[in-house]
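What follows is a short report on a single structure.
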Amino acid sequence: MDYTFLDDAPDAFYVLDRQWRFVYINRRAEQLWGRTRDDLIGKVVWNVFPQAVGSQAYEEHQRAVRDGHPITFETLSPVLNRWIQCTISPYQTGLAVYFHDITAQKEAEHRSQLLQDIIEALSTALTLETVARVIVGKVREGLGGHTGSVNLLTDDGQSVRILRTADVAEEVFQQLKLAPVDDASRPDTDVLRTGQAVWIHNRDEYYARYPRLARALQAKTGTEALAVLPLLVSGHIIGVIFIGFPTPQSFGEEVQAFLTTVAHYCAQAVERVRLLESEQRAREQAERQSERLKRLHDVAAAISHALTFNDIVRVVVDEGFALLGAFRGAVGILSEDGAGLKVIGTYRLPSDISQQFAYLPLDAATPMTAAARTRQMVVFQSFEEYQQMFPELAAQIAATREVQSAIALPLLVQDRLIGSIGISFAQPQVFTQGDIEFSQILAQHIAEGLERVRLYELEAEARVARELAATNARLEAEIAARKLLEADLRANLEREKELNELKSRFISVVSHEFRTPMAVILSSSDLLRRYYDRMSDDQRAEHWERIKAHVNHLTRLLETVLGVGRTQVVGLEYHAAVVDLEALCRELVIEMQFIAQTHEIVFTSEGQCGQVVADRQLIGLMISNLLSNAMKYSPGAEQVHLRLTCASQEVVIQVQDAGIGIPEADLPYLFRPYFRAANAREISGTGIGLTLVREIVELHRGTITVETGAGTGTTVTVQLPAG
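Numbering (my numbering), first residue to last: 394 to 1116.
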């Protein structure tokens, strides 16, 4: 058969006879195998490629001959060391075989699955070490690398720290684990400075770009190629991933894109873990701080209950210093002459040292005296800082180095120095702002407690004298109080007598006030009973109206009396409603006019008074009382004026008469219950009408004023809010 038409086919093609000898080979197969057809035609395939014997391709060739059916399969070719897709078609005298290279497709599938595995593993990583282990392990192994690491910027951004390595000797790791960012001899620092990935394809390029690193490490690690990529979070570099390969690499676009994507997910995982760890640290710190504050509260409470210096020292030594995690501590108070500190308590300080430092002159070079002199906190966080600040004192403990860090704080009360405390630690410390503030709070409680005890002791010395003076003063006060009590009793007796007289007078007056209208009612009703059939309709109507008017008068009188009594007991009840004030005034004028036929009530109204918010019953009672008084106390006058003025915000009710007026001396008592002016005692009245009027005005949040003079008449003006 002529197969020459397949010479230029894109897939490799060859034909075998029944003895497994090559019958035909196209050009693509020649290219892939690197052998010519003249060299292969007539030879047995398994002799030419013995490495294929026993492989999947070998088995599939055997199966195709045995079954007589076409077979398509994918395999890693032992001849090409690449992935191929192969189709074997048996025919009468042999086999026709097509195959093509699918290595790129397989590598893409492998990278896709690898990326999925990496993303899944990173999503469950809870520590930076786990993130690094995923990257170093899976990426390194998946791409054929042999070394790897995740390198992160330090918190200050000045150095790079290797978080995780694989297949790197310990001495190499120690040599590389920390480097300044400005070190130009390393690819990871280059990436951190430039933000660009570094691709080293072979050993020559490695030695050319990073000669010092290559000379130091290449022979030990056998690295031929490097891939170093930045870890970016929101555009900021937080570190790099570093992969080393034992063979030269081309780093094609697919591999670069894959590693760039891996670096992206790695950066996200690192940032997520950092946030989780930061949250965990913050939560743990908050819990520690809460517990420490609770214990501080207990210490402060114990200090607040202490009554002597020894009590305070015992609390500070037993609880306060232990609360701070101190190795040793001391409390000193300012001496009486202010020249030094007298140490009144120590914590875990040997007796010989306690005796040596029982008194510290303020000019001595110690942390406690320095804090007292400067009134500032003194802090050193390492023994080296201790040596710099207090060389002589540090020299005394240089052999043992028992003290590695310390804090000394002044004890101040309202900016007045009373002493200082010193707190030392057996290990170097990094004092956070929270630690410093906590120490300051404890020092403040100690200072306030010591000051309180000092004041308490000073006070105790004068307590006896004060108590004696207080006893004398108390006796004098009791005598004076008895005298005042006697005076109050006498005054109360006088007021009681006056009140009884007022009540008697009130009962007499009210009885008189009730008799007159009752007599009129009885008289008119008797006349109607006896002479009803002899009277004309007008006469009968006149008697009925007289009865009605005096019944209304009695009703108002009762309302006045009951209103005052209710006001004195529980207060008037106010029921607000919209009232046509002008109509109400006209009704009251007609009613009052009939009773008091000797006076003419002149009513005038100005403004819109039909929508006033008030208590209709109380307002009516107030106006009736004012009109009744005006007519009662102006016997020689003919007219009484009632004026109503309504504006948008205010209502003014004014009652004016030309009667006897009110003496100036009686004005201060005008609204007092049962009070009668001196010139009105011969005129019937209860003395409670104006008291009730004032209560009604105040209930409506209004004001009442009186303009009067003896013999000149009286004008009462009430101003009420319109709404």
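Glycine residues also receive a C-beta, built at the ideal position from the N, C-alpha and C atoms.
- By the 16-neighbour rule on beta-carbons within 10 angstroms, Asn865 is exposed.
- It is roughly 7 Å from the alpha-carbon of Phe783 to the alpha-carbon of Thr759.
- From the listed residues Gln1001, Val1006, Ile1089, Cys1002, the smallest Cα separation to Ile1016 is found for Ile1089.
- Where Glu617 is concerned, there is no enclosing alpha helix (DSSP H), because DSSP gives it neither an H nor an E.
- Per DSSP, the continuous alpha helix (DSSP H) segment holding Trp426 begins and ends at 420 to 426.
- Nearest to Asp730 by C-alpha distance, out of Arg721, Tyr752, Val724, is Tyr752.
- Taking 7 Å as the cut-off, the Cβ atoms of Val621 and Pro580 count as close.
- Excluding residues up to 5 positions away in sequence, Thr429, Arg430 lie with their Cβ nearer than 8 Å to the Cβ of Glu423 in the same chain.
- If you draw a 10 Å sphere on the C-beta of Pro573, you find fewer than 16 other C-beta atoms in it, and that means exposed.
- Three or more Cβ pairs closer than 8 Å define a contact, and the segment 625 to 638 meets that threshold against the segment 646 to 662.
- Close CB contacts of Gly1003 within its chain, under the 6 Å cut and outside five residues either way in sequence, are with Asp973 (chain order).
- The alpha-carbon separation between Leu851 and Ile814 amounts to approximately 23 Å.
- For Ala405, DSSP records a beta bridge to Phe492.
- By the neighbour-count criterion, in which 16 or more other beta carbons inside 10 Å mark a residue as buried, Val971 falls on the exposed side.
- DSSP places Trp592 in no alpha helix (DSSP H) but in the uninterrupted beta strand (DSSP E) bounded by 591 to 593.
- Secondary structure at Arg809: strand, using DSSP grouped into helix, strand and coil.
- Using a Cβ-Cβ distance cut-off of 8 Å, the segment 1098 to 1107 and the segment 987 to 995 are not in contact, since fewer than three pairs of beta carbons, one from each stretch, lie closer than that value.
- Per DSSP, Leu433 is one residue of the alpha helix (DSSP H) stretching across 430 to 433.
- Using a 10 angstroms sphere on the CB of Arg721, the tally of other CB atoms reaches 16 or more, which defines it as buried.
- In the three-state reduction of the DSSP assignment, Lys499 falls in the helix class, which pools H, G and I.
- Arg1087 places its beta carbon less than 7 Å from that of Phe1064.
- When DSSP states are grouped into helix, strand and coil, Asp410 belongs to the strand group.
- Here DSSP, grouped into helix, strand and coil, assigns Gln1047 to strand.
- Closest in C-alpha terms to Phe415, from the list Ala489, Glu879, Trp476, comes Ala489.
- The three-state reading of DSSP puts Arg741 in coil, since its state is none of H, G, I, E or B.
- If you look at Arg596, you'll find it in the alpha helix (DSSP H) that goes 596 to 602.
- Ranked by Cα distance from Ala942, the first of Arg554, Gln797, Met985 is Met985.
- With respect to Leu843, Ile872 sits apart: the two C-beta atoms are not nearer than 7 Å.
- Residue range 464 to 469 is occupied by the beta strand (DSSP E) that includes Glu467, with no alpha helix (DSSP H) assigned at that position.
- With fewer than 16 neighbouring CB atoms inside 10 Å of its own CB, Tyr849 falls in the exposed class.
- If you draw a straight line from the Cα of Gln781 to the Cα of Gln820, it comes to about 17 Å.
- Here Arg939 is buried, its C-beta having at least 16 other C-beta atoms within 10 Å.
- Inter-residue distance for Ile434 and Asn419 is about 11 Å (C-alpha atoms, whole angstroms).
- Straight-line spacing of the CA atoms in Ser448 and Gly538 works out to 27 Å.
- The C-beta separation of Leu742 from Leu716 comes to about 17 Å, leaving the pair out of contact by the 8 Å criterion.
- For Pro483, the enclosing beta strand (DSSP E) has its first and last residue at 476 to 484.
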